[in-house]
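Protein chains in written order, with the working numbering: chain A, 11 to 322; chain D, 11 to 322; chain C, 11 to 322; chain Z, 11 to 322.
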């Protein structure tokens, strides 16, 4: 089932689980997949920016993607295929699509500046991977230093029919969602799915602006699913209450570098990963950072029982 | 009273109040100063990045600084003097110090890259403004694209005795505070004041890491004062409770561009500014953004009575 | 006489002459102006990037501009007014236009990224300085990190009638000239003057691509004038022979940082400046660099008698 | 024979030859290798920035490296192994070292800013590839946006004994060579080989500053060999005469983007490559650019007979 522009809900960004010695922890992958199913995810993404893809040998990347796809069942799996050259991007795309991926995600190289450079890059990427492979446009200027105006996104959507989803992580980004949905409403641009990243830092209002859900890796994807559901049910204040309860921790996890360590630590405390280990080069948590996360979890537990008993 | 390395508490970043027609609103400056006094500020900063300094004629800058200094009484006033050249920086510094400023704040030009370039820039700046003028080192990579490692800050503090304060706005930045305080504890670096910016997004834990307070412009500086006070009194959970209540709005205001519009809007609703107007070029709030801020204020009012009746 | 889109020939970028003690050397300004007249310049630019404008007090900037304008006679004078804010840009523009400047030059702030940001910046700049002031669009990505595609330049030219000249310093830039002249030929864009900068590193072929001349500061502006003249006369090989003779030195002077020191040193050796001094912060020449420049001059003297007896 | 810090002479950067249909042209690889031998090269580099490495499938990269190494005989071959992650860097390094490479070249990712980040990156790279693999430090800020001060290079050389060569392409860069050689002379840093890149734009004076030769891809590597030889023989003016004769073309080829097209075109005209084709995405030469290169070759032929009859 290929990814389509109608995708909605929550697509967690899956971390890659490792044992303390650096080997890939396949049992944790299965547990993680079962957890994503259980908490109401509607899809997921592997080998993304925070999936430590760059620390994997090529064969390992394929093995992880294969296991995830195999365990995903009906859930569509998006695979990150960003690469410094189109040859590697094409090779990985073909391999994972053959294994059953629903689509791929492509981040822009951080050297792109002008509108034409950005559009041209995606034109060439589609030429490389094939126009039949659905792809996700990743718009994350904070990390990639590439700024895509709404007009550039529109040009890409207009020109490249295989662009079916925007991973929206611009910051600030609320007006961008409104602008893009305005293009659609005015018949100026076809509909695409907009799933929000940036750890969900503005998911509360992004949903109200017209986003279709989340595509991010926060350590409580079940909260993301609930917020998206509550919003869809029109229970606005309940959605905000739950979101606000998580915001202190979510903000903490959104920090670059240390964020992945926080995420893996909490997923370990939740019993999903057997270890919080990252492959090198890793950004480890200091003892004080761990105490802060424990403190945040203890405070969260007063409002969300899912956080109970997680602090060390 | 010159600024010293013992500065503590909350130094709000003062916005520049305008009427809707763009004229400077001096009555609002007085009200704002009275408010800063009343809410427990221990100093303040004018003509900073979010003070719209670049939209002021030179004479206007001096007039604003003079009025603020005149109304500040015992409170030390820091004046932002960042400029593209040392000639303009020196001229403005001498003029505001002569009017009674306690010190100046200097941001790095965004072209600096290597450690040596950064240290050399501050060496030259001190040579230009004079070694007798206390200055604040502004460390804000998110905005200025200049990354200062703890070692670089140490070199500047070691070499330039007139550096008395760090405006800490690195992100992530908790470990940096710990590292700098560790330098001090180990006798490797003299003590400097560390006041936190970045709208206070991590002020809760920054205080616990050893920061001396806040130097930022969030629209509830009274909350910042309370959090710093509660922390000093050892009332940890109360500090976090109050901080967390404000975090949804604080995060919203921390957005670049639209943030200043949010700040001025709330200060107007609080009766401090007579108008939320910015001089051009301005980043205005959309109608939907205004509704979102009203929604955030209404939700905040349930936890902090200071936000009651502010939403339109 | 306001600057127009018909400007042609060579507009040297004038350095600001200083004595060794840092005072402005007004006698050298007069000599320099007489030299520009004598060597066939058709205009000139002051207070540009390499005019050390940022090291001048505001009153000094005005004094330099006034003296240059007064001595320029019929030659149109462009004044650099790039500034971190529109208030300062407007103030300086009005002051120099009142003193007889022919137009102003505006460089983009290095934070601009998207096409819309660039166009919007120039729209706001024109709103600030007034639509009646002719301005030069400076396109120098190597220094300013702002990349303007031909389409963006076209949008600015289309929207802002007061844009009369492009200071073309993109690198590589030959195809950009051809593209812009193609727009004009196809009736898609009105004609503007294109004068080339970047120390003239590609002036030989830029003229053949359709540029109108040079707007740069190479220490032999008389060579630039000759190359432009020979090209206009159709004496292609003679133009290249002269250009190639200067290329080793020209390339050396084009280096950022040390380049200005080289330029001032040669202008001093030529008897135009009384000193090669720069105001601080300066990038001085090492003894070995000076020997290299002397060596380059000695070698150049074999092909261009104007370089004879200049080496120390 | 592993690469050592005593390397001298000219190591051309080998392009990857393609047929017009995109297949790798192995006969041209052999011809190119024979040419490198014949013209006096002392080593070479494959799969560098301008070797179109990112357009090769992994197996193709290995095949190209293997063929080059097989044909290199006694000449040491450096292989570019820069990669977005250490896993891929390690894998490629082990594969090419097993095939007989003399060492590898590592460019810094363009996200590095502080001195510590740069040193830490190379520390991790060596940990990944193994401390027994000689590596070349590529210092090319114009392309990679990473600025390495002499102090940072010294720290890397001090800490990592497997760093044996600097590919020097900073610009301006003459003082950097002098500073590094000064470190060595003062006993503060062990000796490393310094070979110059950036198309050789300053090779004339770089040799006089203490560089050991060139490591760059200019289409006349035989000229580079002659200049290095003449310099070693003390025939200074002859070295400069030859260099200056090539400078107009060399400068033209040094342009980013179009440069590789120029290089391949001239190598084709010289009979070394059977085609000037690049794999997509390519930056082709316009018809006018080709005429300009032909013009440059015709002019060069008057001074260097090797350029005779190359223009179309």
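Glycine included, every Cβ here is placed at the ideal spot set by N, Cα and C.
Element boundaries [alpha helix (DSSP H), containing residue i]
{"i": "residue 306 of chain A", "result": "297 to 311"}
{"i": "residue 238 of chain D", "result": "231 to 242"}
{"i": "residue 254 of chain Z", "result": "246 to 263"}
{"i": "residue 103 of chain Z", "result": "96 to 108"}
{"i": "residue 282 of chain A", "result": "Note, residue 282 of chain A: premise wrong, no alpha helix (DSSP H); not H, not E."}
{"i": "residue 122 of chain C", "result": "It is not in any alpha helix (DSSP H) - residue 122 of chain C carries neither H nor E in the DSSP assignment."}
{"i": "residue 228 of chain D", "result": "Segment: none, residue 228 of chain D is in no alpha helix (DSSP H) and carries neither H nor E."}
Cβ-based burial, residue i [other Cβ within 10 Å; buried from 16]
{"i": "residue 130 of chain D", "result": "exposed"}
{"i": "residue 244 of chain Z", "result": "exposed"}
{"i": "residue 307 of chain D", "result": "buried"}
{"i": "residue 279 of chain C", "result": "buried"}
{"i": "residue 95 of chain D", "result": "buried"}
{"i": "residue 319 of chain A", "result": "exposed"}
{"i": "residue 263 of chain C", "result": "buried"}
{"i": "residue 83 of chain C", "result": "exposed"}
{"i": "residue 259 of chain D", "result": "buried"}
{"i": "residue 315 of chain A", "result": "exposed"}
{"i": "residue 261 of chain D", "result": "buried"}
{"i": "residue 86 of chain A", "result": "buried"}
{"i": "residue 183 of chain C", "result": "buried"}
{"i": "residue 294 of chain D", "result": "exposed"}
Residue i at chain A interface by Cβ criterion, 9 Å
{"i": "residue 161 of chain C", "result": "yes"}
{"i": "residue 212 of chain D", "result": "yes"}
{"i": "residue 123 of chain D", "result": "no"}
{"i": "residue 104 of chain D", "result": "no"}
Alpha-carbon to alpha-carbon, residue j and residue i
{"i": "residue 56 of chain D", "j": "residue 224 of chain A", "result": "40 Å"}
{"i": "residue 368 of chain Z", "j": "residue 74 of chain A", "result": "Lying before the first or after the last residue shown, residue 368 of chain Z is absent from chain Z, which here runs from 11 to 322."}
{"i": "residue 312 of chain A", "j": "residue 256 of chain A", "result": "11 Å"}
{"i": "residue 28 of chain Z", "j": "residue 232 of chain A", "result": "52 Å"}
{"i": "residue 227 of chain C", "j": "residue 221 of chain C", "result": "17 Å"}
{"i": "residue 11 of chain C", "j": "residue 290 of chain D", "result": "31 Å"}
{"i": "residue 71 of chain C", "j": "residue 135 of chain D", "result": "20 Å"}
{"i": "residue 168 of chain C", "j": "residue 188 of chain C", "result": "18 Å"}
{"i": "residue 35 of chain C", "j": "residue 65 of chain C", "result": "14 Å"}
{"i": "residue 26 of chain D", "j": "residue 199 of chain D", "result": "36 Å"}
Beta strand (DSSP E) segment containing residue i, residue limits
{"i": "residue 203 of chain Z", "result": "203 to 206"}
{"i": "residue 189 of chain A", "result": "Unbroken run through residue 189 of chain A is the alpha helix (DSSP H), 184 to 195; no beta strand (DSSP E)."}
{"i": "residue 55 of chain A", "result": "54 to 56"}
CB contact below 9 Å: residue i versus chain Z
{"i": "residue 209 of chain A", "result": "no"}
{"i": "residue 70 of chain C", "result": "no"}
Which residues DSSP lists as bridging residue i, in chain order
{"i": "residue 167 of chain Z", "result": "None, per the DSSP bridge assignment."}
{"i": "residue 178 of chain D", "result": "D:149 and D:206"}
{"i": "residue 28 of chain D", "result": "D:34"}
{"i": "residue 89 of chain D", "result": "D:56 and D:114"}
{"i": "residue 23 of chain D", "result": "D:55"}
Proximity test, Cβ basis, 9 Å: residue i and chain C
{"i": "residue 199 of chain A", "result": "no"}
{"i": "residue 178 of chain Z", "result": "no"}
{"i": "residue 268 of chain Z", "result": "yes"}
Chain D within 9 Å of residue i, Cβ atoms only
{"i": "residue 118 of chain C", "result": "no"}
{"i": "residue 137 of chain C", "result": "yes"}
{"i": "residue 302 of chain A", "result": "yes"}
{"i": "residue 59 of chain A", "result": "no"}
Residue i Cβ short of 8 Å to the ligand MN heavy atom set
{"i": "residue 303 of chain A", "result": "Inclusion of the ligand MN in the displayed structure is not the case, the ligand content being empty and no account of it being possible."}
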